[in-house]
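See structure below.
Chains as they are written, first to last, in my numbering: chain A, 14 to 338; chain B, 14 to 338.
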């Protein structure tokens, strides 16, 4: 297959490195360069590392830029900056700010006659798609989203800031009995803090007060108060052996009725060994869609809701109907 | 909400009745009439029952016709017939014939300047969408589709044709240990007949030879040979109490790797109390999409692969981004 779609990466953290990896699995996609604010001397794949200041020089050489900025703050600045010159994909995930960010990207991209697909990933992203599909098919029903088992970076950071803590990782775990009840068709009224537990693995300093650390975790407002929280103190060796990965996942359910007593359960579930590698793979599939959208005369901002799945695949409509329908 | 989309039903079996029911759950959809080859005196909802011969008289009064013909034979005739006059949705599911049917519907609909979305339902349909999404995101991986627990009408009919059988129902059941292995990330090489079992509930005539019936089932070529088959003889009372529903469902998995040793599992699962009621609900959501596609200047045939999910919902893009992204 010809490498017809040329992409660039903006931001070279976990997500950017994941995109670099994902691109190598796609026969139709060529990674041209990685752009960073930092001085990069080299990349994993050997493509050029370029200063973000020089990105405009790549106009006409790159079809789609994948914005892999590590935080919402990065994207709010880099999104409109890059969309002036290129089609873009990003994983903007600060939910409350999506309408404003969408409006900003839409205006920029329309002016530049580029396309920007925002908030791509698995949540927002694949989970959102499943919420939309399921609620459209079963208008009379109830939605449930569970996250985990997976690492919460924010909660892990919060634990690491406690005095006497050397290292820590927090896993968010959906309670199995609740997930199973919903999977079997029940529609309980639930709250997020009642159905997820917080499982913490902590490496303490040698002289640390373990009781005080445990209390500090469990009473931390916003992060742990109201949640069932379990604290395990482990050795640094065990931590490095078992807790360096960034797994994640979760479940989206809709339980709905089409007539009294006739119930249906729609479930979408992810079990991911690496959150950033999977998210990157979603970004790359949507880079293909951005390329197609532009070819079809699109301009402005859109989301996963606006993209037909046919555009995610390198295959033709004819092949897809024959092989996957 | 204004009932902006006017639909008609062609064919008034389980699926047509399901569409009638599903339409009542949608504030933006108005069912105008039911069309049938048979003499219908009335409908469940009280909308007019009209002879199929008079369908052309409804041009301009109905936006989308939902073709609920009970078999591929119905659709191959009714599809092109109705697409001459109306936008259509159907659940054409004879997989090997999809390319030919698509070409025929595409030609007819393009000539008539209508749109036809074919092969809508859950498989083909929602399952196909998940296969396409998952394979696009994880190009390096393995697909698995399981059907059930659910009623196979074809297998139930086959059992009912055996001498001495009064009534019968066959459930296809995916083997739990295989489903669980795949869900946990394993990628076994499997064959459909090894991973589904066939569970048969049979009401025999009073004087029937049960051993002969059981042997006739288990040795029936194409239907049961090669499958683990369980036969239960039950009373007519028990049959009528427990086995009159038409449940179905299944699972679509993709297990893929983004780097050596980094595995991901994507799962989509359905658990349906009524196969026809659920399928009908999918058809109605796609009727909304056909209406939108036409508004956007579309013409010709398409499939679920070509439809952005935003078009399945009565809500605006702004509402969807705010509420579901």
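For every residue, glycine included, the Cβ atom is placed at its ideal position computed from N, Cα and C.
Bear in mind that the values here come from a model prediction, so they are computed numbers and not experimental data.
Quick check on residue i: does DSSP put it in helix, strand or coil?
{"i": "residue 92 of chain A", "result": "helix"}
{"i": "residue 212 of chain B", "result": "strand"}
{"i": "residue 184 of chain B", "result": "strand"}
{"i": "residue 317 of chain B", "result": "helix"}
{"i": "residue 121 of chain B", "result": "helix"}
{"i": "residue 157 of chain B", "result": "strand"}
{"i": "residue 270 of chain A", "result": "strand"}
{"i": "residue 110 of chain B", "result": "helix"}
{"i": "residue 126 of chain B", "result": "coil"}
{"i": "residue 99 of chain A", "result": "coil"}
{"i": "residue 225 of chain B", "result": "helix"}
{"i": "residue 168 of chain B", "result": "helix"}
{"i": "residue 338 of chain B", "result": "coil"}
{"i": "residue 56 of chain B", "result": "coil"}
{"i": "residue 205 of chain A", "result": "helix"}
{"i": "residue 199 of chain A", "result": "coil"}
{"i": "residue 86 of chain A", "result": "helix"}
{"i": "residue 311 of chain B", "result": "coil"}
{"i": "residue 293 of chain B", "result": "helix"}
{"i": "residue 143 of chain A", "result": "helix"}
Could you tell me whether any Cβ in chain A is nearer than 8 Å to the Cβ of residue i?
{"i": "residue 34 of chain B", "result": "yes"}
{"i": "residue 115 of chain B", "result": "yes"}
{"i": "residue 284 of chain B", "result": "yes"}
{"i": "residue 144 of chain B", "result": "yes"}
{"i": "residue 56 of chain B", "result": "no"}
{"i": "residue 111 of chain B", "result": "yes"}
{"i": "residue 281 of chain B", "result": "yes"}
{"i": "residue 100 of chain B", "result": "no"}
{"i": "residue 318 of chain B", "result": "yes"}
{"i": "residue 325 of chain B", "result": "yes"}
{"i": "residue 77 of chain B", "result": "no"}
{"i": "residue 291 of chain B", "result": "yes"}
Would you call residue i buried or exposed, if buried means 16 or more other Cβ atoms sit within 10 Å of its Cβ?
{"i": "residue 174 of chain A", "result": "exposed"}
{"i": "residue 67 of chain A", "result": "exposed"}
{"i": "residue 72 of chain B", "result": "exposed"}
{"i": "residue 255 of chain A", "result": "exposed"}
{"i": "residue 100 of chain B", "result": "buried"}
{"i": "residue 222 of chain B", "result": "exposed"}
{"i": "residue 218 of chain A", "result": "exposed"}
{"i": "residue 301 of chain B", "result": "buried"}
{"i": "residue 95 of chain B", "result": "buried"}
{"i": "residue 49 of chain A", "result": "buried"}
{"i": "residue 182 of chain A", "result": "buried"}
{"i": "residue 215 of chain A", "result": "buried"}
{"i": "residue 106 of chain A", "result": "buried"}
{"i": "residue 171 of chain B", "result": "buried"}
{"i": "residue 287 of chain B", "result": "buried"}
Quick one: is residue i near chain B, going by C-beta distance under 8 Å?
{"i": "residue 298 of chain A", "result": "yes"}
{"i": "residue 271 of chain A", "result": "yes"}
{"i": "residue 228 of chain A", "result": "no"}
{"i": "residue 39 of chain A", "result": "yes"}
{"i": "residue 209 of chain A", "result": "no"}
{"i": "residue 257 of chain A", "result": "no"}
{"i": "residue 335 of chain A", "result": "yes"}
{"i": "residue 51 of chain A", "result": "no"}
{"i": "residue 96 of chain A", "result": "no"}
{"i": "residue 321 of chain A", "result": "yes"}
{"i": "residue 295 of chain A", "result": "yes"}
{"i": "residue 276 of chain A", "result": "yes"}
{"i": "residue 198 of chain A", "result": "yes"}
{"i": "residue 254 of chain A", "result": "no"}
Should residue i be listed as close to the ligand FAD, given that the test is whether its C-beta is under 7 Å from any heavy atom?
{"i": "residue 226 of chain B", "result": "Annotation note on the ligand FAD: not contained in the displayed structure, which lists no ligands."}
Compute the beta-carbon to beta-carbon distance between residue i and residue j, rounded to the nearest angstrom, for a pair I have assumed lies under 8 Å.
{"i": "residue 245 of chain B", "j": "residue 200 of chain B", "result": "In fact, because the Cβ distance is near 34 Å, the residues do not count as touching under 8 Å."}
{"i": "residue 162 of chain A", "j": "residue 195 of chain A", "result": "Not confirmed; about 17 Å, so no contact."}
{"i": "residue 279 of chain B", "j": "residue 266 of chain B", "result": "7 Å"}
{"i": "residue 325 of chain B", "j": "residue 146 of chain A", "result": "7 Å"}
{"i": "residue 338 of chain B", "j": "residue 141 of chain A", "result": "5 Å"}
{"i": "residue 102 of chain A", "j": "residue 323 of chain A", "result": "Residue 102 of chain A to residue 323 of chain A, Cβ: 17 Å. No contact."}
Margin query: So, does the stretch 167-176 of chain A touch the stretch 165-183 of chain B, judging by three or more C-beta pairs under 8 Å?
Written below: Output reads no: the stretch 165-183 of chain B does not touch the stretch 167-176 of chain A.
Next item on the list: Give a yes or no on contact between the stretch 115-130 of chain B and the stretch 149-156 of chain B, applying the rule of three or more CB pairs nearer than 8 Å.
Entry: Between the stretch 115-130 of chain B and the stretch 149-156 of chain B there are fewer than three inter-stretch CB-CB distances shorter than 8 Å, so the stretches are not counted as touching.
Note to self: Three Cβ pairs or more, each shorter than 8 Å: is that satisfied between the stretch 130-138 of chain B and the stretch 286-305 of chain B?
What the structure shows: The stretch 130-138 of chain B, when compared against the stretch 286-305 of chain B, does touch it at the 8 Å Cβ threshold.
Check: Just checking, does the stretch 27-34 of chain A make contact with the stretch 48-59 of chain A on the three C-beta pairs under 8 Å criterion?
Finding: Cβ pair count under 8 Å is three or more, so yes.
Check: Below 8 Å, can you find three or more Cβ-Cβ pairs linking the stretch 230-248 of chain A to the stretch 270-289 of chain A?
Finding: No: the two stretches stay apart, fewer than three of their Cβ pairs being nearer than 8 Å.
Margin query: Closer than 8 Å is the cut-off here; do at least three beta carbon pairs connect the stretch 304-318 of chain A with the stretch 326-337 of chain A?
Written below: No, they do not touch.
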